[in-house]
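Residue numbers (this note's numbering): 1266 to 1546. In this text, a Cβ means the ideal position worked out from N, Cα and C, and glycines have one as well.
1) Tell me which same chain residues have a C-beta within less than 7 Å of the C-beta of residue 1484, skipping the five on either side of it?
2) Restricting to runs no shorter than 3 residues, where is the beta strand (DSSP E) found entirely within the segment 1364-1419?
3) Output yes or no for whether 7 Å exceeds the beta carbon distance between residue 1421 and residue 1298.
4) Would you kindly report the start and end of the unbroken beta strand (DSSP E) that includes residue 1234?
5) So what does DSSP say about residue 1333, is it helix, strand or coil?
6) Whole angstroms is fine: what's the gap from residue 1358's alpha carbon to residue 1332's?
7) Mind checking residue 1478: buried by the 16 CB within 10 Å criterion, or exposed?
8) Strictly by DSSP, which residues pair up with residue 1468?
9) Note down, in chain order, each residue of its chain lying with its Cβ closer than 6 Å to the Cβ of residue 1342, except the 5 sequence neighbours on either side.
10) Any idea what DSSP makes of residue 1491, helix, strand or coil?
11) For residue 1510, which residues does DSSP report across the bridge?
12) In chain order, what residues of the same chain have a beta carbon less than 8 Å from the beta carbon of residue 1415, not counting five sequence neighbours either side?
13) Pick helix, strand or coil for residue 1532, following the three-state DSSP scheme.
14) Can you pull the DSSP bridge partners for residue 1432?
15) Please go through the same chain and pick out, in chain order, the residues whose beta-carbon is closer than 7 Å to the beta-carbon of residue 1354, but skip the five residues on each side of it.
16) Measure the beta-carbon distance from residue 1524 to residue 1328 and round it to whole angstroms, keeping in mind my assumption that it falls under 8 Å.
17) Alpha carbon to alpha carbon, what distance is there between residue 1316 and residue 1460?
18) Shortest alpha-carbon distance to residue 1439 belongs to which of 1279, 1283, 1300 and 1539?
19) At what residues does the alpha helix (DSSP H) containing residue 1217 begin and finish?
20) Within the same chain, show all residues whose beta-carbon is closer than 7 Å to that of residue 1392, passing over the 5 residues directly before and after it, in chain order.
21) Applying the criterion that 16 or more other CB atoms from any shown protein chain within 10 Å of the CB defines a buried residue, is residue 1330 buried or exposed?
22) Quick one, are the C-beta atoms of residue 1419 and residue 1482 less than 7 Å apart?
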């Protein structure tokens, strides 16, 4: 749907006020959705699998989780710089009647703790050739999804419609977060992972299958070579529970994210322990 720029800004600002989040976060999410929509109607639709913060935000709502980038894994395509650049350029040039233009700024190699390699693509998005937004998409390969990706109906934030994409299931999201939390222990700088586990365990409990979650943790640990570390999760989580620096990280996260204000540190620990108990049983 086309809107003039002033009308669009007003809609973004109203959405931000209603959800008590920054207007920039709403704008960023909107532009990411426009990229995702182009992926969903491209010939590469079945090669992209959404994961990470954008998927979690879609599950929880922007009033409970914001994100500034997109994370995907790909299958069935060679993960080379030239190939990914050409594919994303083709996707950016798909025309939708939405006044949004997308342009690639840079493509760079990334590494995440050597768990997997991939590319980070930086884009500039504009609305009516105005309101420039810089956003990023990480594209990786080789991730272990238990048991396989799912079809996900992604609700667009400002529109009364959905787009169909492939995504991680909630069990694999939690398994990867749990593995990362235990592996990094008190050295973690990713307190957001703790929040995500807490929220997913408490809001998605009706759809979480315990056997799938247990298997997902096992397969993720096998894939990342952390089987022995994961077996020691109780001792590691106990250290995390008593670590003052981790508590300070949480306080900073609460200060920066209003939606975390009422959640106590012990609640995070309890949620992580609940996942560990599912793994043990």
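Reading from the atomic positions:
1) For the purposes of this step, residue 1484 is taken as residue 219 along the chain shown, with counting starting at 1. Closer than 7 Å at the Cβ level, and outside the excluded window around residue 1484, lie 1409 and 1411.
2) With a minimum length of 3 residues, the continuous beta strand (DSSP E) runs that stay inside the segment 1364-1419 are 1365-1376, 1382-1392 and 1395-1405.
3) As a first step, residue 1421 must be located in the chain shown, where it is residue number 156. As a first step, residue 1298 must be located in the chain shown, where it is residue number 33. Contact: yes.
4) The question about residue 1234 has no answer here: the residues shown for the chain are numbered 1266 through 1546.
5) For the purposes of this step, residue 1333 is taken as residue 68 along the chain shown, with counting starting at 1. In the three-state reduction of the DSSP assignment, residue 1333 falls in the coil class, being assigned neither a helical nor a strand state.
6) Within the chain shown, the letter at position 93 stands for residue 1358. Within the chain shown, the letter at position 67 stands for residue 1332. When rounded, the distance between both Cα atoms is 24 Å.
7) Within the chain shown, the letter at position 213 stands for residue 1478. Around the CB of residue 1478, 16 or more other CB atoms lie within 10 Å, so the residue is classed as buried.
8) Position 203 of the chain shown holds residue 1468. DSSP lists no partner for residue 1468.
9) Residue numbering aside, residue 1342 sits at position 77 when the chain shown is read from its first letter. Same-chain partners within the cutoff: 1312.
10) As a first step, residue 1491 is located in the chain shown; it is residue number 226 there, counting from the start. Residue 1491: coil per DSSP, three-state reduction.
11) Residue numbering aside, residue 1510 sits at position 245 when the chain shown is read from its first letter. For residue 1510, no pairing in a beta bridge is given by DSSP.
12) Position 150 of the chain shown, counted from the start, is the residue given in the question as residue 1415. Counting only Cβ-Cβ distances below 8 Å, and skipping sequence neighbours, we find 1431, 1432, 1433 and 1434.
13) By one-based count along the chain shown, residue 1532 stands at place 267. Helix, per DSSP.
14) Translated into the one-based positions of the chain shown, residue 1432 becomes position 167. According to DSSP, residue 1432 bridges with 1315 and 1415.
15) For the purposes of this step, residue 1354 is taken as the residue at position 89 of the chain shown. Excluding sequence neighbours, residue 1354 sits near 1369.
16) For the purposes of this step, residue 1524 is taken as the residue at position 259 of the chain shown. For the purposes of this step, residue 1328 is taken as the residue at position 63 of the chain shown. About 6 Å; that satisfies the 8 Å criterion.
17) Residue 1460 sits at position 195 when you count from the first residue of the chain shown. Residue 1316 sits at position 51 when you count from the first residue of the chain shown. Each residue's alpha carbon lies about 16 Å from the other.
18) On the chain shown, residue 1439 is found 174 positions in, with the first residue counted as 1. Nearest of 1279, 1283, 1300 and 1539 to residue 1439, Cα basis: 1539.
19) Because the chain spans 1266 through 1546 in this model, residue 1217 falls outside it and cannot be assessed.
20) Walking along the chain shown from the start, residue 1392 turns up at place 127. 1270, 1273, 1364 and 1365.
21) For the purposes of this step, residue 1330 is taken as residue 65 along the chain shown, with counting starting at 1. Looking at its Cβ environment, which holds 16 or more other Cβ atoms inside 10 Å, residue 1330 is buried.
22) Stepping through the chain shown from its first residue, residue 1419 is reached at position 154. Stepping through the chain shown from its first residue, residue 1482 is reached at position 217. The answer is no: Cβ separation not under 7 Å.
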